[in-house]
Structures are given as C-alpha cells and as structure tokens.
Ligand SMILES: [Zn+2]
Ligand SMILES: [Zn+2]
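In this note's numbering, the protein residues as written are 1 to 306.
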C-alpha cells in the first residue's frame, strides 16, 4: 500500500499546523508568559498530551492502541526525562560547557543578531545534527547499542514513546552544543517545542501522513516506524529524530513504513529490564562465574566455603 500518491487529507496537515501554532506562540505570546520559567514546563508535556488524545480520534494501527501498562511506563519515562535526566544534562554537560565558554572568552553575539526564525532553525539543526550522529553511533557500536536497544524493544508506537529507553541513552541523546551560542531564549524554546511536535508525531499512533513539503525535511511516523521494524536491515536507516533531511544528506534515508515493531521475538521489556539492559552481559557473566564456583564447591563434597 503506497500512501505517497494519496490525496492529502486534513488529518495529514495536523503536524505542520501544530508546528505553526508552536512558532506563533513563542513569537507572539505576551512577554509575561514568554518570560515565565514555567511556560516551557507546561508546553512540552501539553504537546505530548494533545498528540496522545489524537491517537484516540485518528488511530493508525489497532495493534498500537495504548493501554494502562503502556501509558504508565511512558509516563514514568516522561517524568524521568523531565526531572532526573534533564538535571543531569544541566549539571554534567551544559554547566561545564558554559564554564569553558566563559573561560575561553567565546562570544557568539552574532547568533543573537540573527532573525528570530533563523535562530530557531539554527537550534533545530544543532540539536538534530548531534542526535543524528549519536543515534547512528548507537547503531554501529556495541556499548552504545546496549544503551539504545531498550528503545527498540518497544512493541508499539505512541506519543510519548520517544522518551522510553535506558536512562544512559536518554542522557546521551540529550547532549547538545546549543549552550555555546548566545541566542534568544524564546527561539531555543520554540526549537525545543518544534522538535517536540515532530518527534512526538514520529512515534505516535496517529494516521497523519504529512505532505512531501513536510516529510522531505521532517521525520514522520512512516520514516520512524520503518526504523523500529523487527528486521535488522530496516533499522539501519532514518536515524534523524526530527530532521530526516540529515538522512537524505548523509545517505541513510529509506522510504517505507513499519507496522510490526520491536526486537527479535518482540518480547516487551519491563522498566527494570530496560534499566539493567546495558549491564546484562556483565550480570550474566557474574552469575555464570558464581554458578561455576558453587558447582566446584559442590563437587568437592564439602560445605561451600564462605
Ligand atoms: Zn534507533
Ligand atoms: Zn524511536
């Protein structure tokens, strides 16, 4: 079934319309709202909630329908990302980056002089360029893959699934060099909410297939569901979290769509399994060694030495 030649329906235009709303909001909302530190704290989850509600109205696949267990897991990771992970990123990455910047006397006032929309585009590019290569690295290096594999073990796609993964991965993927640039705060927030809209729709169970003027640049559910497919070859493409353009530029773009998502036998991992996943080889080795030792002690016939 090809959707590329189908007529555009109003549903297909919801993702670009939401981006327009986000940009208009950060460009024109009253200053008191834009300056309030709680505004971003409200708009970011609001985007996910709106898309989650759209899943009920414009469902894409019945097999991806959210249930209580999926919802609570997604909620756990959303809160973890917004609190612990975001605090760690601030303390371990952004604060040191700012310290280096000031100690070297780097100034980037030119960035703040750019038109507002250009600043938004710059932030999107900086974030996405870093995420693209981090994501590609995760698919090509075993230690990094062990942190990213839990995200690929999800067996259905929903609005908040982008937040589901091993905490080490969530930290690694949040790293960016945006802090090095002097930029209008509202431009940074507009960029964060724009990539939020795109990547939320790219994981959501919503039957919106945005037209080519959107999907040429931005990642859609078609691109990203293919990346989440069960077969190995299909996962080695479409790495762009929001900017699929990077895949087109760097030769990893692939046309297609996935419905069955997950890894291997599509077993769903629990939160504990997702958290321990990168250490599982070590844990297994430790257990095997202990079994061996206990076995040896048993063979000796005596009581196991302390
Ligand atoms: Zn991946
Ligand atoms: Zn994903």
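No residue lacks a Cβ here, since even glycine has one placed at the ideal position from N, Cα and C.
* Using the beta-carbon of each residue, find all residues closer than 7 Å to any heavy atom of ligand 1 and list them in chain order. => That query returns the following residues: 135, 138, 139, 148, 151, 152, 227, 235 and 239.
* For residue 59, which residues does DSSP report across the bridge? -> For the purposes of this step, residue 59 is taken as residue 59 along the chain shown, with counting starting at 1. 206, per the DSSP bridge assignment.
* Asked: By the 10 Å Cβ neighbour count, where 16 or more other Cβ atoms means buried, how is residue 169 classified, buried or exposed?
  -> Taking the chain shown and counting its residues from 1, the one referred to as residue 169 is at position 169. The residue in question, residue 169, is buried, as its Cβ has 16 or more Cβ neighbours within 10 Å.
* Of the listed residues 111, 8, 43 and 142, nearest to residue 280 (C-alpha basis) -> Indexing the chain shown from 1 puts residue 280 at position 280. Its Cα nearest to that of residue 280, the residue 142 stands out among 111, 8, 43 and 142.
* Asked: So what does DSSP say about residue 11, is it helix, strand or coil?
  -> Here residue 11 is taken as the residue at index 11 of the chain shown, counted from 1. Note: residue 11 maps to helix in three-state DSSP.
* Proximity winner among 194, 292, 223 and 261, relative to residue 46 (alpha-carbon distances) -> Here residue 46 is taken as the residue at index 46 of the chain shown, counted from 1. Residue 194 holds the alpha-carbon nearest to the alpha-carbon of residue 46 among 194, 292, 223 and 261.
* Asked: For residue 278 versus residue 72, is the C-beta distance shorter than 7 Å?
  -> One-based indexing of the chain shown puts residue 278 at position 278. One-based indexing of the chain shown puts residue 72 at position 72. No, these two residues do not count as a Cβ contact at 7 Å.
* Asked: Where are the alpha helix (DSSP H) runs, 4 residues long or more, that stay fully inside the stretch 210-249, in chain order?
  -> Whole alpha helix (DSSP H) segments, 4+ residues: 212-215, 221-227 and 232-235.
* Asked: If you count every other CB in all the chains shown that lies within 10 Å of the CB of residue 215, and 16 or more means buried, which is it?
  -> Sequence index remark: in the chain shown, residue 215 carries index 215 (1-based). Result: buried.
* To do: Report all residues from its chain with a CB closer than 7 Å to the CB of residue 133; omit the five preceding and five following residues, and keep chain order.
  => Here residue 133 refers to the residue found at position 133 when the chain shown is read from its first residue. Answer for residue 133: no residue qualifies.
* Residues near residue 159 in its chain [Cβ-Cβ closer than 6 Å; skip 5 each side] -> Here residue 159 refers to the residue found at position 159 when the chain shown is read from its first residue. Short of 6 Å from the beta carbon of residue 159, and not among the five residues preceding or following it, lie these beta carbons of its own chain, in chain order: 48, 51, 52, 200 and 204.
* Asked: Going straight from the alpha carbon of residue 9 to that of residue 93, what length do you get?
  -> On the chain shown, position 9 is the one that residue 9 refers to. On the chain shown, position 93 is the one that residue 93 refers to. Whole-angstrom Cα-Cα distance: 43 Å.
* Asked: What are the partner residues of residue 261, as DSSP defines its beta bridges?
  -> For the purposes of this step, residue 261 is taken as the residue at position 261 of the chain shown. Note: residue 261 is bridge-paired with 229 in the DSSP secondary-structure output.
* To do: Compare the beta carbon distance of residue 126 and residue 177 with 7 Å and say whether it is the shorter of the two.
  => Your numbering for residue 126 matches position 126 in the chain shown. Your numbering for residue 177 matches position 177 in the chain shown. Contact check for residue 126 against residue 177 passes: the beta carbons are separated by less than 7 Å.
* For residue 289, does the count of other Cβ atoms within 10 angstroms reach 16, so buried, or fall short, so exposed? -> Against the chain shown, residue 289 aligns to sequence position 289. Looking at its Cβ environment, which holds fewer than 16 other Cβ atoms inside 10 Å, residue 289 is exposed.
* Asked: Alpha carbon to alpha carbon, how far is residue 54 from residue 181?
  -> Here residue 54 corresponds to residue number 54 of the chain shown, with the count starting at 1. Here residue 181 corresponds to residue number 181 of the chain shown, with the count starting at 1. Approximately 36 Å, taken between the alpha carbons.
* Asked: Going by beta carbon distance, what residues of the same chain come within less than 6 Å of residue 163, once the five residues before and after it are set aside?
  -> Here residue 163 refers to the residue found at position 163 when the chain shown is read from its first residue. Result list for residue 163: 77, 78 and 81, in chain order.
* Selected residue, minimal CA-CA separation from residue 174, among 86, 286 and 150 -> As a position in the chain shown, residue 174 is number 174, starting the count at 1. Per the Cα distances, 86.
* Using a threshold of 7 Å, state whether the C-beta atoms of residue 208 and residue 11 are closer than that. => The sequence position of residue 208 within the chain shown is 208, counting from 1. The sequence position of residue 11 within the chain shown is 11, counting from 1. When the beta-carbon positions are compared, residue 208 and residue 11 come within less than 7 Å of each other.
* Asked: Looking at the structure shown, is residue 297 part of a helix, part of a strand, or coil, going by DSSP?
  -> Stepping through the chain shown from its first residue, residue 297 is reached at position 297. Residue 297 falls in the helix class under three-state DSSP.
* **Enclosing alpha helix (DSSP H) for residue 101 [first to last residue]** => As a position in the chain shown, residue 101 is number 101, starting the count at 1. Unbroken alpha helix (DSSP H) run through residue 101: 95-103.
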